[in-house]
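In this note's numbering, each number is its position in the sequence shown, counted from 1, plus 12.
Where is the CB? At the ideal position from N, CA and C, for every residue including glycine.
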Amino acid sequence: MSLVNLISAIGNNASIYPLIVRDCGIENPVKIGMTYNQNLKVSKQMANNAFRERTIDEYGSSIVWLGGIPLMNSICDWGMRKLGFDPKVNINLLKEEGEQGLKYNIDKFKKYAPEEVKSLEKVLQNKSKYQKLLAGKFVLSTTIPIMLMGYILPKSNFALTAKLKKRQEAVKPLVEDTMRAERKYQLPSKDKISPSFKGIASSLANMSTVNKMAVTDGGLTIGRVATARNKYEKMENGFKMTMMMFLNFVAPIWIAKGLDGLSGKLFNTNVNLDPMLMNDKNFVKSIKEGTLEIPRGNYIDYLDKNPNSQISKLCEKYCGVKYLKNRVRDPRVYIDEKRIEKFLAEVERFAKEAKVSGNIDNYANKALRVKSANILANVGISSILLAVALPKLTFVLRKKVTGSDAEPGLK
Numbered sequence: 013m014s015l016v017n018l019i020s021a022i023g024n025n026a027s028i029y030p031l032i033v034r035d036c037g038i039e040n041p042v043k044i045g046m047t048y049n050q051n052l053k054v055s056k057q058m059a060n061n062a063f064r065e066r067t068i069d070e071y072g073s074s075i076v077w078l079g080g081i082p083l084m085n086s087i088c089d090w091g092m093r094k095l096g097f098d099p100k101v102n103i104n105l106l107k108e109e110g111e112q113g114l115k116y117n118i119d120k121f122k123k124y125a126p127e128e129v130k131s132l133e134k135v136l137q138n139k140s141k142y143q144k145l146l147a148g149k150f151v152l153s154t155t156i157p158i159m160l161m162g163y164i165l166p167k168s169n170f171a172l173t174a175k176l177k178k179r180q181e182a183v184k185p186l187v188e189d190t191m192r193a194e195r196k197y198q199l200p201s202k203d204k205i206s207p208s209f210k211g212i213a214s215s216l217a218n219m220s221t222v223n224k225m226a227v228t229d230g231g232l233t234i235g236r237v238a239t240a241r242n243k244y245e246k247m248e249n250g251f252k253m254t255m256m257m258f259l260n261f262v263a264p265i266w267i268a269k270g271l272d273g274l275s276g277k278l279f280n281t282n283v284n285l286d287p288m289l290m291n292d293k294n295f296v297k298s299i300k301e302g303t304l305e306i307p308r309g310n311y312i313d314y315l316d317k318n319p320n321s322q323i324s325k326l327c328e329k330y331c332g333v334k335y336l337k338n339r340v341r342d343p344r345v346y347i348d349e350k351r352i353e354k355f356l357a358e359v360e361r362f363a364k365e366a367k368v369s370g371n372i373d374n375y376a377n378k379a380l381r382v383k384s385a386n387i388l389a390n391v392g393i394s395s396i397l398l399a400v401a402l403p404k405l406t407f408v409l410r411k412k413v414t415g416s417d418a419e420p421g422l423k
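The structure is reproduced here in structure tokens:
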């Protein structure tokens, strides 16, 4: 993957890529380290327990959220195919609106996409059953990961802590006796005997487990609050996870709009397109040659009549339009005409402003640099808010409410 493609991926706030970068690459290690240092103010044992719990919690959630939902989707899709249904048929086609719908697409594509039309006919004959299957897919794909992250993982994590704390309490007298003996019979440093309690401390320090963390949703927040060990932990989990949802899903969009808007004013450059498109030499060439033809309305008809046009290929890449191998539009896919209209309006605006600039190549390169900088700045700002500002605020509130620096559930 090229650098531009990578920047494009992490700049797409509708995908999981910026979440992976922020949470797994930046937020998790910083938060785990801050948690350890905060609890170290109480004791080394408290810090070790908090470190282990936070590591398992953060990284364990990531494995479930990032891998569990796609896995459940795949399993449900397999089950639907076994029942004779094609999960690629978009449910919006049941509405029969305008120039797309089950009946409309069946009649239009019967000669050009016979296999896909059979999938549409199966759904048309079993609308109610298909809708129930899709509803079941949604429930299974979300409920099972939420149960794993919100209930099973924290309960298991707490049980592990309780088990280890019993062991820690059991060995505490031995450790204290050994420390007293060491102080009483201390020998010169050159001949100093290694005390036996170091092996015990080493064993306790190696009990950490590293997994993956993910962004929680409403169901996960409810689960974490419900499984909390006391009222203070419930309050802290509710506040922390609600803020995490905001900082992961809402704040990056606001930051992106603010940065792009500010850049437009400061640099007089349109940066609303995807970096990959700004870096597309054929796209820039078509602007210079004046061959970029933007259709006016009736986008579905244009896509069907001009499958190999530059605009159709751009809509395929950036607007969710799908074509079959024979370049016939996939009749199972719903076309979001408003999305296409908005995208093409930005393309046309970019082309006009690039021409007015006097040097189209320089304008495109400048826009690419500014957009890339905005994306990286967005990742940096949102990561700092998540990894530093939110934990710091949580620690301050914890101290005010509980009067302690220790994790509320470990007290």
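Anticipated Cβ contact below 8 Å, Met58 with Leu356, distance rounded: About 58 Å; that fails the 8 Å criterion.
Identify the residues that DSSP records as bridge partners of Gln112: which are they? Glu109
Best match in Leu145, Lys115, Asn117, Asn102 for proximity to Met92 [C-alpha to C-alpha]: Leu145
Tell me Tyr48's beta-bridge partners as DSSP assigns them. BP columns for Tyr48 are empty, so no partner.
Per-residue burial, Asn320 [other beta carbons within 10 Å of its own, 16 or more giving buried]: exposed
In terms of residues, what are the limits of the alpha helix (DSSP H) holding Arg341? Here Arg341 belongs to no alpha helix (DSSP H), and DSSP marks it neither H nor E.
According to DSSP, is Tyr311 helix, strand or coil? helix
Using only the alpha-carbon positions, how far apart do Ser14 and Asp119 sit? 42 Å
What does the alpha-carbon distance come out to for the pair Glu245 and Lys404? 16 Å
Am I right that Val76 and Pro157 are in contact with their C-beta atoms under 8 Å? What's the rounded C-beta distance? 5 Å
Going by other Cβ atoms of all chains shown within 10 Å of its Cβ, with 16 needed for buried, is Phe279 buried or exposed? exposed
Do the CB positions of Ala147 and Pro343 come within less than 7 Å of each other? no
Can you tell me which of Asp272, Glu365, Val368, Asn310 puts its alpha carbon nearest to the alpha carbon of Glu111? Asn310
How far does the alpha helix (DSSP H) with Met255 in it extend, from its first residue to its last? 243–257
Looking at the unbroken alpha helix (DSSP H) that takes in Glu436, where does it start and where does it end? Residue 436 is absent from the model: the chain starts at 13 and stops at 423.
To which residues of the same chain is Gly113 closer than 7 Å at the C-beta, ignoring the five residues directly before and after it? Leu105, Lys107
Residues of its chain near Glu128, where Cβ-Cβ distance is below 6 Å and the 5 sequence neighbours each way are ignored: Pro343, Arg344
Under 8 Å: do the stretch 362–381 and the stretch 234–253 share three or more Cβ pairs, one atom per stretch? no
Nearest to Glu371 (by Cα), restricted to the options Glu301, Lys411, Gln143: For clarity, residue 371 is Asn in the given sequence; the question names Glu instead. Nearest of Glu301, Lys411, Gln143 to Asn371, Cα basis: Glu301.
Is Ala268 closer than 7 Å to Asn390 when the C-beta atoms are compared? yes
Just checking my contact of Ser131 with Asp98 at CB under 8 Å: how many whole Å lie between their CB atoms? 4 Å
Provide the residue span of the alpha helix (DSSP H) that contains Lys354, from first to last. 349–369
Quick check: the Cα distance between Met84 and Met159, rounded to an integer number of angstroms? 13 Å
Burial state of Leu397 (16 or more Cβ within 10 Å): buried
Taking all protein chains shown into account, do 16 or more other C-beta atoms lie within 10 angstroms of the C-beta of Asp313, making it buried, or fewer, making it exposed? exposed
Expected contact under 8 Å - CB spacing of Glu419 and Ala62 to nearest Å: 5 Å
Please classify Asp229 as buried or exposed, where buried requires at least 16 neighbouring CB atoms within 10 angstroms. Residue placement at Asp229 is poorly supported in this model, since its pLDDT is 48, which falls under 50; the coordinates are not used for a value here.
Determine the extent of the alpha helix (DSSP H) in which Gly91 is found, giving its start and end residues. 81–94
Within the continuous alpha helix (DSSP H) that includes Leu380, where are the two ends? 372–396
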